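Peer 1: Heads up, the sequence shown stops at 1618 in the working numbering, and the numbers go up one at a time, no gaps.
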Amino acid sequence: MDYYRFLNFVGDPAMPYVAQAVLGLTMYLIFRHFSRIYIRRFLRTWSRSWLAFSVYLFCTVILMAYPGDEQWPHAVALPLHFIAQLGSYLHIIFILIGSYQLVFNRPINRKLYHSLIAGMAILALVAVVAFSQDPEAENERSLLRIGSRCFVSGIGFLFAGIVVWMSPKFTKGVGQKILSTSFLVYSLYQFFYLFTLAFSQQGDQVFQPGSRGLVNLLMIAVMSMGMVMWLLEDEREKLSKANKDLDSFLYSTSHDLRAPISSILGLTYLGKVELQEEKGREYMSLIEQRVKKLNMIITDILRLSRTKKLEVKFESINFNEILKETMEDIQFNKGTSSIRLDYKESADHFFVSDHSQVSIILANLISNAVKYHRLNQPDPYIKIGFHKNDHNTTITVEDNGQGIPPQSVNKIFDMFFRASQETEGTGLGLYIVKEAVSKIKGKVEVASVFGKGTTFIVTIDNM
């Protein structure tokens, strides 16, 4: 084998085709990987399309590097031509089948699937064998082989581009626009090249692109980028919809459970009043404690669902008023009356943020401070701070309660994590705080000394 001849040839005219073949192989591996992750039929079909495209280009490069002569037998070149021709046909056929599977969400009929592949194989064989024995029919061979590729690709990509653009199942995002536009432009380019090829065979001088390989490489690169972008956008939208459905389910289920829980709590209260036996009242107290625990969990789930579902609405907030509302809501929590609230009203107490999210943040932080306080000390307190400057607003909630163990400080914002098992809690309060702060584009920090107290600092950018 003449390696120097091969390397010299690949170094110039065939290089764009080598790049296309490598790009096609890369896209095959990417879509094959995605098809295994998302278990989508159309992704597997599109991966086959890129594999067929890669095979077609690799065979084309080999044929470009070794033209038919005494060193390259006709019997070897002919099968390579057939494989290249079939690969180019299957590339577009798999694109169309994948588009069908995507739009209609069902597999194509197996007999039709096999018939299409068989039909493309026959068409490729005819295109390669026709005029192959006639040394004088070089122009006819070129027109039939290259022209049929352009025609099939033009028709196929035109149809695929229209389907991608018009289908309501797509997200209408940037990825879809890039993909559909690249399909349509590639289709028009194939028809244009077929037109120039046909007229050139007649001896007419028609403008042709200087480097078809480079143009193809550019279009295929844009097409592959559009496919990946669309896939990511589509999966993100489906995930967002699934999250919304889950939030709605949690909200509806939790809300429906509140009524029977309230009834059970009422019955346990009556039981403790009516029952004369000490053992019976004890059992009622145990039931009441468990139901209150369940009620606490459901309340936190509803609060979390509310945090996620509510759209952010920025408005002017009076911090003095929202703090007063929060304290009224938690005034009957166990231990609240024994704790001193330390807050000096600020003269400049207005800031812009989302009222609901700020209310949720304050309620959870202050409730947590009450829940994990040390009521047996001389002066249990919760100190609230409010400070605003040109750039941001800072809200601090400081207490001299139990504090957080050093090994738990980095975990307290995790869902269902509880730093202390000695008090009632669901482990959702600080997770809800983190979600609410995130929605209003802020940040929350914590400083704690175990056994002495904790300070939470919420920083919100000024709008």
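Don't be surprised by glycine CBs; every beta carbon is placed ideally from N, CA and C. In this text, all values refer to a predicted model and were calculated from it rather than measured experimentally.
#1: What is the rounded straight-line gap between the Cα of residue 1202 and the Cα of residue 1408?
#2: Return the first residue and the last residue of the alpha helix (DSSP H) that residue 1564 is part of.
#3: Please check the pair residue 1247 and residue 1307, which I expect to be a contact at CB under 8 Å, by giving their CB distance rounded to whole angstroms.
#4: Using C-beta distances below 6 Å, list every residue in its chain close to residue 1602, excluding the 5 sequence neighbours before and after it, in chain order.
#5: Could you check where the alpha helix (DSSP H) with residue 1216 kicks off and where it finishes?
#6: Among 1369, 1346, 1332, which one has its Cα closest to the Cα of residue 1172?
#7: Indicate the three-state DSSP secondary structure (helix, strand or coil) for residue 1537 in the structure shown.
#8: In this structure, how does DSSP classify residue 1490 when only helix, strand and coil are distinguished?
#9: Rounding to the nearest angstrom, what Cα-Cα distance links residue 1262 and residue 1273 in this structure?
#10: So, residue 1198 versus residue 1186, is the Cβ gap smaller than 7 Å?
#11: Suppose the cutoff is 8 Å on Cβ atoms and the five residues either side in sequence are ignored; what does the same chain contact list for residue 1388 look like?
#12: Where does residue 1467 fall in DSSP's three states?
#13: Within a Cβ cutoff of 8 Å, which residues of the same chain sit near residue 1249, ignoring the five residues on either side of it in sequence?
#14: Apply the 10 Å Cβ neighbour rule to residue 1512 and answer buried if 16 or more other Cβ atoms are within range, or exposed otherwise.
#15: Buried or exposed: residue 1554, going by 16 or more other Cβ atoms within 10 Å of its Cβ?
#16: Measuring CB to CB, does residue 1245 end up less than 7 Å from residue 1315?
#17: Excluding the 5 residues preceding and the 5 following residue 1605 in the sequence, name in chain order all residues of the same chain whose CB lies nearer than 7 Å to its CB.
#18: Checking the sheet assignment: what are the DSSP bridge partners for residue 1509?
#19: Counting only the same chain and skipping the five closest in sequence on each side, list residues whose C-beta sits under 6 Å from that of residue 1426.
#20: Tell me, which residues are paired with residue 1603 by DSSP?
#21: Measuring CB to CB, does residue 1525 end up less than 7 Å from residue 1551?
#22: Can you list, in chain order, the stretches of the alpha helix (DSSP H) that have 4 or more residues and sit fully within the stretch 1278 to 1359?
#23: For residue 1619, count neighbouring Cβ atoms within 10 angstroms of its own Cβ and tell me buried if that reaches 16, exposed if not.
#24: If residue 1334 and residue 1385 are in contact, beta carbons under 8 Å, what's the gap, nearest whole angstrom?
#25: Would you kindly work out how many angstroms separate the C-alpha atoms of residue 1179 and residue 1472, rounded to a whole number?
#26: Is the beta carbon of residue 1377 sitting closer than 7 Å to the one on residue 1337?
#27: Pull up the distance between the alpha-carbon of residue 1362 and that of residue 1182, whole angstroms please.
#28: Take residue 1500 and list the residues in its own chain whose beta-carbon comes closer than 6 Å to its own, dropping the five residues that flank it on each side.
#29: Would you grab the beta carbon distance between residue 1477 and residue 1422 for me? Rounded to a whole angstrom, and I think it's under 8 Å.
#30: Express the C-alpha separation of residue 1543 and residue 1616 in angstroms, rounding to a whole number.
Peer 2: So, to answer that:
#1: 41 Å
#2: Careful: residue 1564 lies outside any alpha helix (DSSP H) and carries neither H nor E.
#3: 6 Å
#4: 1610
#5: 1196 to 1220
#6: 1369
#7: strand
#8: coil
#9: 18 Å
#10: yes
#11: 1326, 1328, 1329, 1330, 1331
#12: coil
#13: 1200, 1201, 1203, 1204, 1207
#14: buried
#15: buried
#16: no
#17: 1558, 1559, 1560, 1561
#18: 1469
#19: 1439
#20: 1609
#21: no
#22: 1293 to 1321, 1329 to 1356
#23: No answer is possible for residue 1619: the residues shown for the chain start at 1156 and end at 1618.
#24: 5 Å
#25: 56 Å
#26: yes
#27: Interpretation of residue 1362 is limited by its pLDDT of 44, a score under 50 that renders its predicted location unreliable; the figure taken from the coordinates is listed afterwards. Their Cα atoms are separated by approximately 32 Å.
#28: 1475
#29: The pair is not a contact, with the Cβ atoms about 36 Å apart (cut-off 8 Å).
#30: 10 Å
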